Amino acid sequence: MASDSDSDGDFVTFGTPLEPLEEDEPLRKPVPLYEQTVKDEKGRYQRFHGAFTGGFSAGYFNTVGTKEGWTPATFVSSRQQKAGRQNARPEDFMDEEDLGDHGIAPRQITTTADFASGRKDVIRDKARAITSLSAPIPGDTVLEDLVAPARSSMGVELLRKMGWKDGQGVGPRVKRRLCKQRADSATRAFGSASPPNGSSESQDEEDGEFVPENVTFAPKDVTPIDFTPKVDLHGLGYRGLNPLAALRGGPGAGHINLFTMDSDRTNSLFGEDRKGQRRRGGVAGQGFGVGAMEDDDEDIYHRDIMSNYDTVLGGEEPGNGLYGWTAPQQYNRKKKDHSKDAAYLGKILEGFTLASDKLETKTIFPPPNLPRDFRPVHYFRPVVDLSSVSPMVAQALQTSRGHMAQEEPSKGGRHQLDSAQRRELLGEATLQGPSSVFDLLKVEDRERLSSLRRPSSDTSSGPRQPTPGEARAAVVAAGVAAAAARASAQKALSSRFAPHAEQQQQEALSVWSGPTAQAQTGQTFKPFERTPHKQARYDLYIDQLKQGDRDALELSLDPTMTEWERGRERDEFVRAALLYKPSSSSLSCRFTRGKQDDGVEADTVEVTRDQENDVDDKQAAVKMKMFGKLTRDTFEWHPDNLLCKRFNIPDPYPGSGFVGMPKVKRDKFSVFNFLTVSESPTASASPAPQGVKPSEPGKRSRWDVSGQAGDKERKEKDPVSEFLSVARIEASGSGPEASTTDGPTTDPTVEPDTEQKEEEEEEESRPSMDLFKAIFASSSDEKSSSSSEGESEEEEEKEEGVRSKAGTGPQISNQLNVNTTQPAPPVSTTPSQHPDILFKTPSGPAAAPPPRDQEMEEEEFGPRLPPPSSTLTAERRPSPTPSAKDDKHKKKCKEKHKAKKHGKHKKDKKVRPGKTT
Amino acid sequence: MSFPQPKPEVPQLPQNLLRTIDCQQGAVRAVRFNADGNYLLSCGSDKSLKLWSVSRGTLLKTYSGHGYEVLDADGGTSYQTQSQGWLTLEIPFISTDSYDNSQLCSCSSDKTVILWDVATGQVTRKLRGHAGKVNCVQFNEEATVILSGSIDGTVRCWDTRSRKFDPIQILDEAQDGVSSLKVSEHELLTGSVDGRVRRYDLRMGQLHVDFINSPITCVCFSADGQCTLTSSLDSTVRLLDKSTGEMLGEYTGHKMKGYKLDCCLSSKDTHVLSCSEDGHVYCWDLVEGSLMLKLPVGKAVVQSLSFHPSETRLLTAMEGRVQVWGAEPEETEEEVVVVQQEKA
């Protein structure tokens, strides 16, 4: 675990993790195509058009107008304000979407013409070129070029004012030699950019002959590097179709090379004619006829020559220089001498140079050879459903499984060994101390337990030293030792499982190993039906319980699971076993099992789909004052259409069929509603049970009655008492309280059959008078009881909590008996945490929604209203009273939380002086 | 481009007692300015709702019809600003038909919400449906909907335009009683005893839940609509960013342990004010969080307060009295003397 957490820090995680899968979560349906919607940035729905009309519609049904139609601008002209001539620009017909980043005319911040560099605007040039083609006088851009405005950019102006002249470089004037050197270095640095100045250099060399000493020169002008960003999605070096080349035709136009290596695109665009090509007006070329004004016949029919095509795969020798950089052999050959770099320049892409070093080839290590017998398949242990077979067969299967379990550890890695097995392997000594939980029990308890146990479990009882021959026994013993080690470790860690869980395990054992449970063959309820493996393990556990196997739990768990999972499953199994206790034969014979299950539909309840995150995390976040993402949940919420209308707001979900939060169906009686109740830390921190009665599940469920009946049946054997008990059950509507004084595994024979004794017990554990007063007393008795409430308040609070859970009538007293002996029922944990709120939110996400009617019963909770007039009390008492008064009020408020009548009465009391003032 | 704005003058605090109104209606559970701040409403524990003139301190009307103590009332929200993304438009006092002060709504412990006709004092509509006492009530911007939050954990949206007596929608997301509720142009802010502040965004169709971990007593929007103010029973007032839920400020020092007390922001969003159980109104600087003023109101619990929508004027309610506080003393000495006598 620790190493895991350490290594966690080393990993870098990418992306967002998937949501953890819940076990009983229904599969989410993908949103079908017809329900998927597209919204624009304002949340409006966009309709798809056909593919040919270009995706989404725009405006109102593809018009620029609105729903009201196209409203023309009103013409206004008055004497003071003459209507100017309106020049409609294209932007006038665009909305903000068009002008946005992804629109057709995105707005950018650009340098104004005054400050722009002298670089040619490629797009504008192209546009001019194209317009010149279609102009009446082709090529009339010449005129425009002639009469270009004599305006230079601001940078040039500034430079001129500083003494710069056209054609010079920028920088301090240098002497002759230096200048030359710098020029050299410049050419080297901008290798690709400086081939054409060879001629000037030669001139320099000529000038170098007569150099006056005190004459400085301006530095050489350097052709700027073209840092044109690549904005298109074409491949490197792709030029696109040259419209001139395509339209002009001519002899060479039959095959258009898209990868011509002309470094200056605009040159070719502007029609610096190649040799042999004449500039002609109009459109010519293949497919176009020859006009009457033309003097000679061009070839108007397309003649494709085979020499236009490569006939050799892999390319022929690039002799004519028209081949691009795709000629790799040449590359490698000529790479060696750098002097050829410049000569090669025509074929290198703009901005690239030849590499001087050879690229290192990556060495690829082959994957290791797999062992021959390696199978890339995970082997799952077969699970045997033992619930349907007889105990004999089950035992046979069990033994066979034991053999399997023996084989497993040798097969599995060291992770599958538990600490005891590892200890054996390492040859360490056994830890001192109690090896089993049973050592912690009292002697008589142990005897009673052992008398209960069946002989079959003898093999698994004592921790024995394993011998190599007795492999199976060794495993069993190891299992026991492991259980003990685990128990002790858990004790050391926290008191979460330790005494409590053991107690429950014992209880479950005693319940299920009874004869009535033996008589029942079929399992009545399958709590883990959703996950067959888990259910199988649970069945195994129940089966072993029936056989009285003490280590049923440990044996039935999957050793391949992690410790945490096993711990959780252990907990769940024990609880489930306690929940679904076998009902007595007398009762069960009265009921027939339904032919069909109630069905999933009937047992579901609507739950809001989006559940809140973990409250504990949020509490931690609040404590650290980290409000924000941690404490915020955002849900989809559908307002009513009418509400939107009243608020003058468009419905955010037009056509949504429901209102409020989206709902999903969940199991009404999911086991986890019960199992997670006592998962809260407060419940686990409850003191060790003094009475041996195991804790009740947090909520009364419909199975509780049968469970208690099972208890009853187990204890009372003879038919007379059975009859009596059944009658009593029928009369009271609930099973009697379980034995409050006896141990968890009461011997059936020891159990007295008298009703009287139980009644005596009832008398003994009767709650205090205050409780009954609180429930039944009329409001006039209130004052006397409130005076004595101080000490018994704690107790009362618990009882009240229980009372609100249970119904009314005699059931209450029964429940109270159970719960007063049990120190910390999960229900009563909440008020201790939050004195101001009675009803805390359910802790777990799977917990049932809070019962609403319960809240309604409570007249007062949450923040109170101040007393109507404290003048009377405040003036009577000296100044420091507020705190005392406040305390008293708090008490009163607590009281109010508890009982409705209580609260109402208090408030009456409170209001009355207000009236008199 | 333009001249820099003149330096804003130091905001003044309502530290001078202008007037004390003895409402003669039991404990005053809530006191509220109306939309323009000329009148005030006091909710009494003797089942009555009273309308007063702020400037003169005279009783104008008594509205009786509730069956139990009146807990909250609203005479139309003074809706000042509307926020549209980053752009904030200041629209001073849209005076629409619904703002003609013709209607009042109030809620009570008798589980009803009543819509009143201001002039006649008659009950226009009595809305039943809540299962518990109704803690808070609010009109929406145009007074077409009454929103009421109850101890039964629901917020009900009542239509004032139709004849139906059923609520338009019931918001039952709260897991405990709803203690406070505010409405803005398209948003609904509720504070619940389950320690959560919920903001229903009608325009986006979303519900944002902020976890505070202590029962909420009062929630407010800031005037610019960007923040929410939340007071809770851990004696803390928090200023949260509306959009992200991050905490922008925390204001402590007062005492709010068990009572449902109000908090509010000043009209210019410069200060945060909160009632306290120790008989003071605490006033913090919004940005710095420092305590600017500890206004001694009396000895008992200051239960309710209301800030004037535009001026520096504050209403406080303690027991049976409503006090009006202003920046400058403009009152004659006599009444103050009377008040002091009363106190003594």
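First to last, the protein sequences are chains A and B. Take the first sequence: its letter number 92 is residue 91 in numbering that gives the first Met the number 0, and every next letter is one higher. Take the second sequence: its letter number 274 is residue 273 in numbering that gives the first Met the number 0, and every next letter is one higher. The C-beta atom is built at its ideal place from N, Cα and C for all residues, glycine as well. What you are looking at is a predicted structure, and each value in this text was computed from that prediction instead of being measured.
Please check the pair residue i and residue j, which I expect to be a contact at CB under 8 Å, by giving their CB distance rounded to whole angstroms.
{"i": "F306 of chain B", "j": "S273 of chain B", "result": "About 11 Å; that fails the 8 Å criterion."}
{"i": "H185 of chain B", "j": "R198 of chain B", "result": "Not a contact, Cβ separation roughly 11 Å."}
{"i": "C42 of chain B", "j": "L48 of chain B", "result": "6 Å"}
{"i": "A104 of chain A", "j": "D97 of chain A", "result": "6 Å"}
{"i": "S178 of chain B", "j": "T227 of chain B", "result": "About 14 Å; that fails the 8 Å criterion."}
{"i": "N100 of chain B", "j": "V117 of chain B", "result": "6 Å"}
When you compare each of the options to residue i by their alpha carbons, which one comes out closest?
{"i": "W157 of chain B", "options": "B:I150, B:P166, B:I215, B:S44", "result": "B:P166"}
{"i": "R348 of chain B", "options": "A:F646, A:P653, A:P25, A:F364", "result": "Any answer about residue 348 of chain B is impossible in this case: the structure gives chain B only from 0 up to 343."}
{"i": "K533 of chain A", "options": "A:P651, A:R569, A:T73, A:A354", "result": "A:R569"}
{"i": "Q174 of chain B", "options": "B:V154, B:V133, B:F164", "result": "B:V154"}
{"i": "P152 of chain A", "options": "A:F657, A:Y308, A:F114, A:I648", "result": "Checking the sequence shown, residue 152 of chain A turns out to be Ser, not Pro. Ranking A:F657, A:Y308, A:F114, A:I648 by Cα distance to S152 of chain A puts A:F114 first."}
{"i": "K259 of chain B", "options": "B:L39, B:L180, B:L58", "result": "B:L180"}
{"i": "S299 of chain B", "options": "B:K254, B:L187, B:D171", "result": "Note on residue identity: the sequence assigns Ala, not Ser, to residue 299 of chain B. Nearest C-alpha to A299 of chain B: B:K254."}
{"i": "A142 of chain B", "options": "B:L201, B:L70, B:D45, B:G75", "result": "B:G75"}
{"i": "S234 of chain B", "options": "B:C262, B:S191, B:V182", "result": "B:C262"}
{"i": "A217 of chain A", "options": "A:D231, A:H233, A:V169, A:F226", "result": "A:V169"}
{"i": "V221 of chain A", "options": "A:G234, A:L232, A:D165", "result": "A:D165"}
What in chain A is Cβ-close to residue i, meaning under 9 Å?
{"i": "E172 of chain B", "result": "T607, F634, W636, G659, M660"}
For residue i, name the three-state secondary structure that DSSP assigns.
{"i": "V296 of chain B", "result": "coil"}
{"i": "R536 of chain A", "result": "helix"}
{"i": "I20 of chain B", "result": "strand"}
{"i": "K38 of chain A", "result": "strand"}
{"i": "D951 of chain A", "result": "The question about residue 951 of chain A has no answer here: the residues shown for chain A are numbered 0 through 916."}
{"i": "G190 of chain B", "result": "strand"}
{"i": "T130 of chain A", "result": "helix"}
{"i": "E423 of chain A", "result": "helix"}
{"i": "K545 of chain A", "result": "helix"}
{"i": "A846 of chain A", "result": "Legend: pLDDT at A846 of chain A = 37, less than 50; position of this residue unreliable, no value from coordinates given."}
{"i": "Q168 of chain B", "result": "strand"}
{"i": "M246 of chain B", "result": "strand"}
{"i": "V573 of chain A", "result": "helix"}
{"i": "R565 of chain A", "result": "helix"}
{"i": "S82 of chain B", "result": "Low per-residue confidence applies at S82 of chain B: pLDDT is 39, beneath 50, and the placement is therefore not dependable enough to give any value."}
{"i": "K662 of chain A", "result": "strand"}
{"i": "V621 of chain A", "result": "helix"}
{"i": "D417 of chain A", "result": "coil"}
{"i": "Q505 of chain A", "result": "helix"}
{"i": "E96 of chain A", "result": "helix"}
Along chain A, which residues have their Cβ under 8 Å away from the Cβ of residue i?
{"i": "Q302 of chain B", "result": "L864, P865"}
{"i": "L239 of chain B", "result": "F626"}
{"i": "G28 of chain B", "result": "In the sequence on display, residue 28 of chain B carries Arg and not Gly. Going along chain A in sequence order, the residues near R28 of chain B (Cβ under 8 Å) are L864."}
Can you name the residues of chain B whose CB is closer than 8 Å to the CB of residue i?
{"i": "R631 of chain A", "result": "H207, V208, D209, F210, T243, G244"}
{"i": "D639 of chain A", "result": "C156, I167, Q168"}
{"i": "L642 of chain A", "result": "V144, C156, I167, Q168, L201"}
Chain B partners of residue i, CB-CB under 9 Å?
{"i": "I648 of chain A", "result": "E184, H185, L201, R202"}
{"i": "R645 of chain A", "result": "N139, E141, T143, V144, C156, D158, T159, R160, I167"}
{"i": "P651 of chain A", "result": "D200, L201, R202, M203, G204, Q205"}
{"i": "L539 of chain A", "result": "Going along chain B, no residue has its Cβ under 9 Å from L539 of chain A, so there is no contact; the nearest lies around 40 Å."}
Starting from the beta carbon of residue i, find every residue of chain B whose beta carbon is closer than 7 Å, and list them in chain order.
{"i": "Q618 of chain A", "result": "N212"}
{"i": "A98 of chain A", "result": "Checking the sequence, you will find Leu at residue 98 of chain A rather than Ala. Here the premise fails: no neighbours, minimum Cβ distance about 17 Å."}
{"i": "V621 of chain A", "result": "F210, I211, N212"}
Below 7 Å on C-beta distance, what does residue i contact in chain A?
{"i": "R31 of chain B", "result": "Within chain A, no residue comes near R31 of chain B; the closest Cβ sits about 16 Å away, beyond 7 Å."}
request  = Scan the segment 9–69 of chain B and note each continuous beta strand (DSSP E) run of 3 residues or more that stays entirely inside, going in chain order.
outcome  = 15–21, 27–32, 38–43, 47–52, 58–63
query = Unbroken beta strand (DSSP E) runs of length 3 or more, entirely within the segment 90–162 of chain B: which are they?
reply = 102–107, 111–116, 122–127, 133–138, 144–149, 154–158
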